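Student: Start counting the sequence shown at 1; every next residue gets the next number (full-length UniProt numbering).
We put the CB at the ideal spot given by N, CA and C, even for glycine.
Small disclaimer: the values here were computed from a predicted structure and weren't measured.
Take this structure first; my questions come after.
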Amino acid sequence: MPKQNFKVCLCWRRIFKTRVVEPPPDVKNAFNHFSQSGTMTVDDLLTFLIEHQGENNATKEDAQAIFDSLKHLNIFHRRGLHLEAFFRYLLGDHNLAHPPSSKVHHDMTAPLAHYFLFTGHNSYLTGNQVISASSVEPIKDALLRGVRVIELDLWPNSKGDDVEIRHGGTLTSPVDLQKCLQAIKENAFHASEYPVVITFEDHLNPNLQKKVAKMVTETFGDMLYWSETENMQQFPSPESLKKRILISTKPPKEYLGENRGDVSETESGRVRNELSRNPSDVGEHFPDEDEENTVVQYRQLIAIHAGKLKGGLENWLSDDPMKVRRLSLSEQELENAIRTYATKIVRFTQRNLLRVYPKGTRLDSSNYNPFVGWMHGAQMVAFNMQGYGKYLWIMQGMFKANGGCGYVKKPDFLLRRGENDEVFNPSAPLEVKTVMRVKVILGEGWHQDFHHTAFDRYSPPDFYTKIGIAGVPEDKDVKQTAIIEDEWLPVWDQDFEFLIRVPELAVLRIQVLEYDTTGRPDFGGQTSLPVSELRTGIRTVPLCDKKGNKYKHVRLLLSINFGRPYDL
Numbered sequence: 001m002p003k004q005n006f007k008v009c010l011c012w013r014r015i016f017k018t019r020v021v022e023p024p025p026d027v028k029n030a031f032n033h034f035s036q037s038g039t040m041t042v043d044d045l046l047t048f049l050i051e052h053q054g055e056n057n058a059t060k061e062d063a064q065a066i067f068d069s070l071k072h073l074n075i076f077h078r079r080g081l082h083l084e085a086f087f088r089y090l091l092g093d094h095n096l097a098h099p100p101s102s103k104v105h106h107d108m109t110a111p112l113a114h115y116f117l118f119t120g121h122n123s124y125l126t127g128n129q130v131i132s133a134s135s136v137e138p139i140k141d142a143l144l145r146g147v148r149v150i151e152l153d154l155w156p157n158s159k160g161d162d163v164e165i166r167h168g169g170t171l172t173s174p175v176d177l178q179k180c181l182q183a184i185k186e187n188a189f190h191a192s193e194y195p196v197v198i199t200f201e202d203h204l205n206p207n208l209q210k211k212v213a214k215m216v217t218e219t220f221g222d223m224l225y226w227s228e229t230e231n232m233q234q235f236p237s238p239e240s241l242k243k244r245i246l247i248s249t250k251p252p253k254e255y256l257g258e259n260r261g262d263v264s265e266t267e268s269g270r271v272r273n274e275l276s277r278n279p280s281d282v283g284e285h286f287p288d289e290d291e292e293n294t295v296v297q298y299r300q301l302i303a304i305h306a307g308k309l310k311g312g313l314e315n316w317l318s319d320d321p322m323k324v325r326r327l328s329l330s331e332q333e334l335e336n337a338i339r340t341y342a343t344k345i346v347r348f349t350q351r352n353l354l355r356v357y358p359k360g361t362r363l364d365s366s367n368y369n370p371f372v373g374w375m376h377g378a379q380m381v382a383f384n385m386q387g388y389g390k391y392l393w394i395m396q397g398m399f400k401a402n403g404g405c406g407y408v409k410k411p412d413f414l415l416r417r418g419e420n421d422e423v424f425n426p427s428a429p430l431e432v433k434t435v436m437r438v439k440v441i442l443g444e445g446w447h448q449d450f451h452h453t454a455f456d457r458y459s460p461p462d463f464y465t466k467i468g469i470a471g472v473p474e475d476k477d478v479k480q481t482a483i484i485e486d487e488w489l490p491v492w493d494q495d496f497e498f499l500i501r502v503p504e505l506a507v508l509r510i511q512v513l514e515y516d517t518t519g520r521p522d523f524g525g526q527t528s529l530p531v532s533e534l535r536t537g538i539r540t541v542p543l544c545d546k547k548g549n550k551y552k553h554v555r556l557l558l559s560i561n562f563g564r565p566y567d568l
């Protein structure tokens, strides 16, 4: 009996006992190089920031702020930083590889078509696409995370006298449209002041469209953007649309005649005349005079006109110099289109908006590779935001760029046209532009943010890190550290190198896992960061949970540097 108790005691002591990690060689070498006699002054720290960390604009005030942030530590010395204090600074929030407080720095005065927009799909669903509930909560959460495009499916209720939001043809429960509009109004501009686009998938008759028009105008008031002309030759800029709401859907005439082709005419009389010549387009329904006024009222709400021209894919992608519009394709339709029309898609997206949405078989609300759309200029790569997984983490990482405002300026190569109207060819071979070198030094914080039995019941975890680049196909690369056994504070100290051809679209992916003999590793944290905005030098990287919420303590220490291809 005493022997058995003694073993249990040893196990629990082993779990709770965590060693203190000594500063690794990279940290010691940097400290020794920039300090004097074992102490780093404010001036020494400033030199370190400029010469080692690449912060060319750093000031003495910045260095002093770092000093002030460390004064509460017992290891801080008033004459300067000792090695341990310097180490704690490197692991702290003043030294992030990608600071969350970074400001909007892209040119925001170009037309909307020149930006990637953080875009949601079926934004009201709480779970899968078949039986989950509809709610305003996913809409609120998406907006607070910086999503700028919200999709609502408009359907008549069971009585046919009101509008509800639901995924038609499924067992998903509905949610009231007015509640959704109010949730958008209250949460639209907390994370970003740049415009929110609401895409309606409209399944309503004219009387309910009139009701929608009234609800939208009364709810949003001056927040609603009204276009001065129906056929805009160019979309306005995000800068000019700050704190505005834009509606995007098919004009009502297209609803009354699904295959009518061009939808540019606006006169209600002309709508009536055309329909009278071809009443089969609308089945048994024929609009009376009251409904034609309704058509005009609802149509005026639409800032971004959507729809497909008749004639198939080639016509869908035609670029009319007199007007701009939005086209929607499923992920499968896009993949099929790029086999033949890759450059035509790029040319189309230089002025018009392309929305890509998950194929219908993704009943579990999973997502797809967003780089297929982005590489061809698609601005609205629509994602299911209610779950988690690799592609959603990549999406979140992409839109951490540009201050997290939900708008990322497209790379210049997607916007350029040559002398002979030539555009970028996504299928052409790409040259390496930069070499990214990353050293995974160490990690900490799991014993604070996780329960002591979260990974192994009777021993510390066995962590390893997967690190890689997500981007265009040629840039995709994943590497892995060694497994550090029985250690809450793993030290890897391993170097990796990545060849990157399109750094503007590349995302650094990091995931920490805990090795399990069953072959199903436990999750230890993840993050994705835009390569184009990473800060060089020795940097800390906070990790997030599966939903993208940052842990309080879990983080990695990395060394990040970029080189030219000919340095290989």
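Do V440 and I467 count as a contact pair if the criterion is CB distance below 8 Å?
Tutor: Within the sequence shown, the letter at position 467 stands for residue 467. Within the sequence shown, the letter at position 440 stands for residue 440. Yes, the Cβ-Cβ distance between I467 and V440 is below 8 Å.
Student: Residues in the same chain with beta-carbon distance under 7 Å from W316, minus the five sequence neighbours each way, listed in chain order, please.
Tutor: Counting from 1 along the sequence shown, the entry for residue 316 is found at position 316. Excluding positions up to five away in sequence, the list reads K308, L309 and L327.
Student: Helix, strand or coil for F118 per DSSP?
Tutor: As a working mapping, residue 118 is identified with position 118 in the sequence shown. Note: F118 maps to coil in three-state DSSP.
Student: For P530, name the three-state secondary structure that DSSP assigns.
Tutor: The sequence position of residue 530 within the sequence shown is 530, counting from 1. P530 falls in the strand class under three-state DSSP.
Student: Can the beta-carbon of V527 be found closer than 8 Å to that of I560?
Tutor: Numbered from its first residue, the sequence shown carries residue 527 at position 527. Numbered from its first residue, the sequence shown carries residue 560 at position 560. Sequence check: residue 527 is Thr here, not Val. Contact: no.
Student: Taking K211 and A183 to be in contact with their CB atoms under 8 Å, please state how far apart those CB atoms are, rounded to whole angstroms.
Tutor: Along the sequence shown, one-based indexing puts residue 211 at 211. Along the sequence shown, one-based indexing puts residue 183 at 183. Not a contact, Cβ separation roughly 18 Å.
Student: Could you compute how far the alpha carbon of F424 sits from the alpha carbon of F463?
Tutor: For the purposes of this step, residue 424 is taken as the residue at position 424 of the sequence shown. For the purposes of this step, residue 463 is taken as the residue at position 463 of the sequence shown. Cα to Cα, the separation comes out at about 42 Å.
Student: Which residues mark the beginning and the end of the alpha helix (DSSP H) in which L208 is found?
Tutor: By 1-based counting over the sequence shown, the position of residue 208 is 208. Looking at the DSSP string, the run of the alpha helix (DSSP H) that includes L208 is P206 to F220.
Student: Using 8 Å as the threshold, is the C-beta distance between L181 and M215 below it?
Tutor: Locating residue 181 in the sequence shown gives position 181, where the first residue counts as 1. Locating residue 215 in the sequence shown gives position 215, where the first residue counts as 1. Yes, Cβ-Cβ distance for L181 and M215 is below 8 Å.
Student: So what's Q36 in DSSP terms, helix, strand or just coil?
Tutor: Residue mapping note: residue 36 aligns to position 36 of the sequence shown, counting from 1. DSSP places Q36 in strand when its eight states are reduced to three.
Student: Run through the stretch 125 to 163 for me and flag every whole beta strand (DSSP E) of 3 or more residues, listed as ranges in chain order.
Tutor: 149 to 156
Student: Quick one: Cα of V42 to Cα of P111, how far?
Tutor: Taking the first residue of the sequence shown as 1, we reach residue 42 at position 42. Taking the first residue of the sequence shown as 1, we reach residue 111 at position 111. The straight-line gap from Cα to Cα measures roughly 45 Å.
Student: So if DSSP puts Q511 in a beta bridge, which residue, or which two residues, is it bridged to?
Tutor: Here residue 511 refers to the residue found at position 511 of the sequence shown. Beta-bridge pairing links Q511 to K466 and Q526.
Student: With H, G and I counted as helix, E and B as strand and the rest as coil, what does DSSP make of K185?
Tutor: What you label residue 185 is simply residue 185 of the sequence shown in a count that begins at 1. In the structure shown, K185 sits in a helix (DSSP, three-state: H, G or I).
Student: Can you tell me whether R145 is buried or exposed? The criterion is at least 16 other CB atoms within 10 Å of its CB, across all chains shown.
Tutor: As a working mapping, residue 145 is identified with position 145 in the sequence shown. With 16 or more Cβ atoms within 10 Å of its Cβ, R145 is classed as buried.
Student: Using the three-state DSSP reduction, which class does D456 fall into: helix, strand or coil?
Tutor: Translated into positions along the sequence shown, residue 456 becomes position 456. If DSSP states are grouped into helix, strand and coil, D456 belongs with coil.
Student: On the DSSP bridge list, what partners appear for G563?
Tutor: Indexing the sequence shown from 1 puts residue 563 at position 563. V435, per the DSSP bridge assignment.
Student: Checking the sheet assignment: what are the DSSP bridge partners for R326?
Tutor: Within the sequence shown, residue 326 is the residue found at index 326, counting from 1. Partner(s): A306 and L353.
Student: Starting from L45, trace the alpha helix (DSSP H) both ways and give me its first and last residue.
Tutor: Residue numbering aside, residue 45 sits at position 45 when the sequence shown is read from its first letter. It spans V42 to E51 - the alpha helix (DSSP H) in which L45 sits, taken as one unbroken run.
Student: Which partner residues of F496 appear in the DSSP bridge assignment?
Tutor: Your numbering for residue 496 matches position 496 in the sequence shown. Per DSSP, V438.
Student: Between N247 and F200, is the Cβ-Cβ spacing less than 8 Å?
Tutor: Here the question's residue 247 lines up with position 247 in the sequence shown. Here the question's residue 200 lines up with position 200 in the sequence shown. Correcting the residue type first, residue 247 is Ile in the shown sequence and not Asn. Cβ distance < 8 Å, so I247 and F200 count as in contact.
Student: Consult DSSP for A382 and reduce its assignment to one of helix, strand or coil.
Tutor: On the sequence shown, residue 382 is found 382 positions in, with the first residue counted as 1. It is a strand residue.
Student: Tell me V296's beta-bridge partners as DSSP assigns them.
Tutor: Looking up residue 296 in the sequence shown gives position 296. V296 is bridged by DSSP to nothing; it lacks a bridge partner.
Student: Expressed to the nearest angstrom, what Euclidean distance is found between the alpha-carbon atoms of G406 and L513?
Tutor: As a working mapping, residue 406 is identified with position 406 in the sequence shown. As a working mapping, residue 513 is identified with position 513 in the sequence shown. If I take the Cα positions, the gap works out to 29 Å.
Student: Label S135 either buried or exposed according to how many other C-beta atoms from any shown protein chain fall within 10 Å of its C-beta, with 16 as the threshold for buried.
Tutor: Against the sequence shown, residue 135 aligns to sequence position 135. Taking all protein chains in view, the Cβ of S135 is crowded by 16 or more other Cβ atoms within 10 Å, so the residue is classified as buried.
Student: If the criterion is Cβ atoms closer than 8 Å, does the pair P24 and L489 meet it?
Tutor: As a first step, residue 24 must be located in the sequence shown, where it is residue number 24. As a first step, residue 489 must be located in the sequence shown, where it is residue number 489. Contact flag unset, no.
Student: Taking the alpha-carbon positions, what's the V130 to T170 distance?
Tutor: Residue 130 sits at position 130 when you count from the first residue of the sequence shown. Residue 170 sits at position 170 when you count from the first residue of the sequence shown. Cα to Cα, the separation comes out at about 5 Å.
Student: Kindly identify the DSSP beta-bridge partner or partners of I538.
Tutor: Taking the first residue of the sequence shown as 1, we reach residue 538 at position 538. For I538, which the question treats as bridged, DSSP gives the partners S559.
Student: With burial defined as no fewer than 16 other Cβ atoms inside 10 Å of the residue's Cβ, what is the status of R555: buried or exposed?
Tutor: Mapped onto the sequence shown, residue 555 falls at position 555. Label assigned to R555: buried.
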